[in-house]
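Working notes, beginning with the structure itself.
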Amino acid sequence: MSRGLISVHVGLMGHIDHGKTALARAISEKVSTAGLDKHPQSQQRGITIDLGFTMFVLDRYMVTLV
Numbered sequence: 039m040s041r042g043l044i045s046v047h048v049g050l051m052g053h054i055d056h057g058k059t060a061l062a063r064a065i066s067e068k069v070s071t072a073g074l075d076k077h078p079q080s081q082q083r084g085i086t087i088d089l090g091f092t093m094f095v096l097d098r099y100m101v102t103l104v
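Residue numbers for the sequence shown follow the numbering used here, so the first one is 39 and each next one is one higher.
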């Protein structure tokens, strides 16, 4: 645990164009999820190709979103 925080790990998976990246951005409320669409083909094709993650603190939890 980091700084007395409880670790929570959340994974998102689903079919193409079903809103995984949008959900990740909404949950985390962080710009850092922009890393989910860094791959050049991701930007060209409008889909997420590479695995991405973000971490954020929510109350007493350290949440890792993959």
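Where is the CB? At the ideal position from N, CA and C, for every residue including glycine.
Backbone CA spacing between residue i and residue j [nearest angstrom]
i, j, result
"His56", "Arg98", "30 Å"
"Ile44", "Leu96", "10 Å"
"Gln82", "Val48", "27 Å"
Where residue i falls: helix, strand or coil (DSSP)
i, result
"Ile44", "strand"
"Leu50", "coil"
Residue i, enclosing beta strand (DSSP E) - first and last residue
i, result
"Ile89", "First, the residue type needs correcting, since residue 89 is Leu and not Ile in the sequence shown. It is not in any beta strand (DSSP E) - Leu89 carries neither H nor E in the DSSP assignment."
"Val101", "99-103"
Own chain partners of residue i with C-beta closer than 8 Å, once the 5 adjacent residues on each side are dropped
i, result
"Leu42", "Inspection of the sequence shows that residue 42 is occupied by Gly rather than by Leu. Cβ neighbours of Gly42 beyond the five flanking positions: Arg98."
Beta-carbon gap between residue i and residue j smaller than 8 Å
i, j, result
"Ala64", "Leu50", "no"
Residues near residue i by beta carbon distance below 6 Å, same chain, minus five either side
i, result
"Val46", "Tyr99, Val101"
Own chain, CB closer than 7 Å to residue i, minus 5 neighbours either side, in chain order
i, result
"Gly52", "Lys58"
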